[in-house]
Amino acid sequence: MTEQRFVREITESKRRILILSFVVGGIFFLLLLRLWHLQILNADDYRNMSENNRLRFVPVAASRGAILDRNGEVLVSNQPSFSLAVVPQEVTNKDELLDRLAKLLGLDRAEMKERWEKGKGRAKYYPIILASNINRDQVEIVEENHLRLQGVEIEMKPVREYASGVLAAHLLGYIGEISEDELSTKGFEEYNPGDYLGKNGIERSWEKELHGIDGGRQLEVDARGRVLRTISESYPTVGNSVVLTINAKLQKVAEDAFGDQAGAAVAMDVNTGEVLAFVSKPGFDPALFSGKMPADTWKEYLEDKRHPLENKALTGQYPPGSTFKIITALAGLEDGKIDEKTTVNCNGSYELGTSIFNCWNRHGHGVTNLKKALRESCDVYFYQLGERLGVDRIAAMAKRFMLGAPMGIGLAHEKGGMIPTSEWKMKRFAKRWFHGETLPVAIGQGYVLMTPIQLASMIATVANEGTVYRPFLVKRIIDADGKPLKEFKPEAMGTTGISAEKFRLVKQGLFAVVNEPGGTGGAARLSDVHVAGKTGSSQVVKLRDSKQATPYQYRDHALFVAFAPYEKPEIAVAVVVEHGEHGGSAAGPIAGRMLRAWFDGKKPPSKKTAVQKNNGDEDTADEPPAPPVKKQSGNGDDSDD
5 MTEQRFVREI
15 TESKRRILIL
25 SFVVGGIFFL
35 LLLRLWHLQI
45 LNADDYRNMS
55 ENNRLRFVPV
65 AASRGAILDR
75 NGEVLVSNQP
85 SFSLAVVPQE
95 VTNKDELLDR
105 LAKLLGLDRA
115 EMKERWEKGK
125 GRAKYYPIIL
135 ASNINRDQVE
145 IVEENHLRLQ
155 GVEIEMKPVR
165 EYASGVLAAH
175 LLGYIGEISE
185 DELSTKGFEE
195 YNPGDYLGKN
205 GIERSWEKEL
215 HGIDGGRQLE
225 VDARGRVLRT
235 ISESYPTVGN
245 SVVLTINAKL
255 QKVAEDAFGD
265 QAGAAVAMDV
275 NTGEVLAFVS
285 KPGFDPALFS
295 GKMPADTWKE
305 YLEDKRHPLE
315 NKALTGQYPP
325 GSTFKIITAL
335 AGLEDGKIDE
345 KTTVNCNGSY
355 ELGTSIFNCW
365 NRHGHGVTNL
375 KKALRESCDV
385 YFYQLGERLG
395 VDRIAAMAKR
405 FMLGAPMGIG
415 LAHEKGGMIP
425 TSEWKMKRFA
435 KRWFHGETLP
445 VAIGQGYVLM
455 TPIQLASMIA
465 TVANEGTVYR
475 PFLVKRIIDA
485 DGKPLKEFKP
495 EAMGTTGISA
505 EKFRLVKQGL
515 FAVVNEPGGT
525 GGAARLSDVH
535 VAGKTGSSQV
545 VKLRDSKQAT
555 PYQYRDHALF
565 VAFAPYEKPE
575 IAVAVVVEHG
585 EHGGSAAGPI
595 AGRMLRAWFD
605 GKKPPSKKTA
615 VQKNNGDEDT
625 ADEPPAPPVK
635 KQSGNGDDSD
645 D
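The sequence shown begins at 5 in the numbering used here and counts up one residue at a time.
Okay, structure coming up:
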């Protein structure tokens with residue numbers, strides 16, 4: 005019995021040892037499996053986690069390139085701006101940190117939280133911008149409370165400084181923080197939340213040149229966030245600078261000439277298409293868009309009936325009024341319907357069927373030829389010419405001037421105006437063109453619309469006698485050292501095919517508008533340079549109450565187009581004064597001041613002027629007094645006085 009019992013115990017012991025061996029073996033197998041999982045399968049993940057626990061990336065924003073005028077005057081440069089950033093991996097309690105920042109700095113907690121959430125998905129050691137453009141007092145508070153603000157950093161980023169304030173604001177544009185939609189847009193893959201980019205104008209159109217390439221430093225830090233060493237560093241590359249075709253002095257004179265009036269003006273080199281001035285009034289302060297716009301300022305911009313945020317030189321579409329008579333006159337000459345001797349008797353109105361079309365001068369102009377019709381802006385002459393031509397012939401001439409489509413000036417959202425045809429009306433309204441609808445078109449009313457850019461291009465093409473140059477705004481791109489990288493040359497879009505003799509006949513009429521008795525554009529006359537031009541007024545509403553003063557928003561727009569010198573044209577200008585009523589008295593003087601500024605800018609400074617500058621007086625010694633404006637009667641549809 006004892007022996008059997010002994011055998012059983014040995015057998016039981018062996019069984020237990022075997023079970024224990026399997027258990028221990030299983031445990032070791034699981035440990036080995038776990039080690040394999042950690043060190044082989046997930047090695048990269050854990051390596052990254054390890055690196056993240058000791059690495060920090062500090063981005064260094066590149067300075068944007070400057071924007072200069074054609075003479076090298078700086079219009080836009082940079083100034084330092086401070087941003088509040090946080091490194092997520094160093095924050096143990098996000099809500100507590102946000103509460104503390106909101107209390108200490110007076111920042112919007114909800115906005116900071118939203119920015120934090122948008123920054124998710126990036127490496128935890130990469131800073132997230134919680135607030136941009138914080139002031140120096142807030143920076144000092146952060147530095148004073150650095151130990152209490154775990155993971156919080158101050159980053160310095162360059163933002164735009166506009167040397168001349170609101171000057172050329174619509175042209176230059178402004179920058180702002182990149183939006184969530186823009187971050188997901190093709191072409192912006194290299195941008196990060198909190199980065200600035202151009203939102204409109206030159207800043208937007210030339211963003212890729214201006215932006216530069218950001219740099220940064222990768223640092224090794226300890227558990228308390230203290231920097232141990234710099235692992236790698238890449239230096240930012242400054243953006244390229246853009247040299248515009250604009251003349252800053254001419255631009256300022258043009259903007260000042262508008263005063264409180266709303267409208268637009270464009271000046272062009274008639275032989276190249278270079279835009280010398282690009283005005284939209286009233287303006288706005290582009291610097292305000294880099295940070296958080298004050299609510300009262302934003303409300304003021306939105307409620308201003310003069311629409312200061314609209315780029316009127318680019319997107320404003322106006323009936324050209326009597327300035328369009330230039331196109332009608334050339335169409336008549338080209339089609340053989342008139343010559344310089346063709347006359348019309350204007351008695352103040354013209355009847356067509358049951359309709360009466362009034363001339364702006366209700367007393368009439370009497371016997372009128374082409375030169376007189378242009379000089380005094382006789383509507384009846386052009387009513388009859390328009391009736392003989394028909395809308396499609398007028399439109400065909402306008403198309404020769406590339407009107408009715410965007411000119412391709414190089415800014416986004418440019419409008420193309422409208423040149424109506426009988427085919428267009430059928431497609432648009434499913435109605436045929438009526439004969440009487442051509443008469444308003446002949447004097448630039450009805451469906452006709454043009455932008456200030458197109459108006460400037462039209463008169464420039466007349467001045468150079470037939471070459472339509474594409475208007476352009478950028479002269480060259482230069483690097484940080486001033487070395488030219490790209491040069492932009494004039495581009496001829498086409499030619500009108502009109503003979504020099506026909507242009508001569510029209511230009512004689514335009515000369516008379518400014519320089520002869522009875523001309524409607526005497527306010528643009530210069531004492532030492534011959535100016536040729538054309539006035540115009542365009543209706544805002546058809547019916548007006550003559551017994552009461554017309555409210556501002558219902559008054560006619562005032563227009564004036566001109567070029568000079570008459571003998572050898574250099575510069576063309578187009579001016580639109582919204583609700584200015586009369587082209588000669590409202591738009592003409594602005595054009596005259598622009599031309600005066602251009603030609604004065606080409607003169608060497610006189611000794612008298614230099615003495616005045618030393619005495620602190622304004623540089624106006626050489627500027628002759630403005631010519632008197634001759635008032636003319638008439639309250640018709642197209643008054644030009």
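All C-beta atoms in this analysis are idealised placements derived from N, C-alpha and C, irrespective of residue type, glycine included. Nothing here was measured: the structure is a model prediction, and the numbers come from that model.
State the Cα-Cα distance for the pair residue i and residue j, rounded to the nearest angstrom.
i    : j    : result
P608 : A568 : 19 Å
A409 : T455 : 10 Å
E585 : F361 : 19 Å
L134 : Y178 : 21 Å
K285 : A266 : 5 Å
F282 : I206 : 12 Å
Q557 : H583 : 7 Å
D623 : A496 : Summary for D623: the model assigns pLDDT 39, below 50, so the residue's position carries little reliability, and this model does not support an answer.
L34  : R20  : 21 Å
P628 : V279 : Reliability fails at P628, whose pLDDT of 37 lies under 50, so the model's placement of it is uncertain and the value that follows must be treated cautiously. Answer to the nearest angstrom: the Cα atoms are 26 Å apart.
S326 : V580 : 12 Å
K617 : F192 : Because the pLDDT at K617 is just 43, under 50, the model does not fix this residue reliably, and the value given afterwards should be weighed accordingly. Distance between the alpha carbons of K617 and F192: 49 Å.
E94  : Y200 : 26 Å
K487 : S245 : 10 Å
R12  : L22  : 15 Å
K376 : Q512 : 10 Å
V544 : G450 : 11 Å
L415 : R208 : 8 Å
S85  : Y166 : 14 Å
I14  : L39  : 37 Å
S426 : E441 : 10 Å
S17  : E224 : 58 Å
W437 : I217 : 57 Å
I31  : S25  : 10 Å
D604 : L530 : 11 Å
R104 : R233 : 30 Å
V466 : G421 : 19 Å
D264 : R310 : 10 Å
V143 : M160 : 11 Å
R366 : E213 : 57 Å
Below 8 Å on the Cβ atoms is my guess for residue i versus residue j; work out the distance and round it to an integer in Å.
i    : j    : result
D339 : R397 : 6 Å
G592 : T539 : 6 Å
L313 : F293 : Contact flag wrong, Cβ pair sits at about 10 Å.
N82  : P162 : 4 Å
L443 : L356 : 7 Å
F515 : G470 : In fact, because the Cβ distance is near 18 Å, the residues do not count as touching under 8 Å.
G277 : P494 : 5 Å
M411 : P323 : The Cβ separation is near 18 Å, so there is no contact.
V518 : V533 : At roughly 11 Å, the Cβ-Cβ gap does not stay under 8 Å, so V518 and V533 are not in contact.
L248 : I71  : 7 Å
L509 : L393 : Between L393 and L509 the Cβ distance is about 16 Å, and since that is not below 8 Å, they are no contact.
Using DSSP bridges, identify the partner residues of residue i.
i    : result
K429 : DSSP output for K429 lists no bridge partner at all.
Y558 : In the DSSP output, where bridge partners are listed per residue, Y558 has none listed.
L453 : M422
G219 : V64
Q83  : V163
R563 : Reading the sequence as shown, one finds Leu at residue 563 and not Arg. For L563, which the question treats as bridged, DSSP gives the partners G540, V580.
P286 : Looking at the DSSP assignment, P286 forms no beta bridge with any residue, so it has no partner.
G202 : I179
R650 : No answer is possible for residue 650: it lies beyond the span of the chain, which begins at 5 and ends at 645.
K490 : I481
V270 : F282, A578
R233 : E224
S245 : I482
Y473 : A496
Y322 : M454
7 Å is my cut-off, CB to CB: does residue i come that close to chain B?
i    : result
E427 : The chain inventory of the structure shown lacks chain B, comprising one protein chain alone.
- prompt: Would you call the stretch 174-186 and the stretch 383-395 touching, i.e. three or more CB-CB distances under 8 Å?
  reply: no
At least 3 beta-carbon pairs within less than 8 Å: the stretch 479-486 vs the stretch 597-607: no
field: Runs of beta strand (DSSP E) lying entirely within the stretch 326-399, each at least 3 residues, in chain order
entry: 348-350, 353-356, 359-362, 370-372
task: Taking 8 Å as the threshold, find out whether the stretch 248-257 comes into contact with the stretch 68-81 through three or more Cβ pairs.
output: yes
- request: Run through the stretch 103-166 for me and flag every whole alpha helix (DSSP H) of 4 or more residues, listed as ranges in chain order.
  value: 113-122, 140-148
- request: Flag this pair as touching only if the stretch 137-154 and the stretch 103-123 have three or more C-beta atom pairs under 8 Å; answer yes or no.
  value: yes
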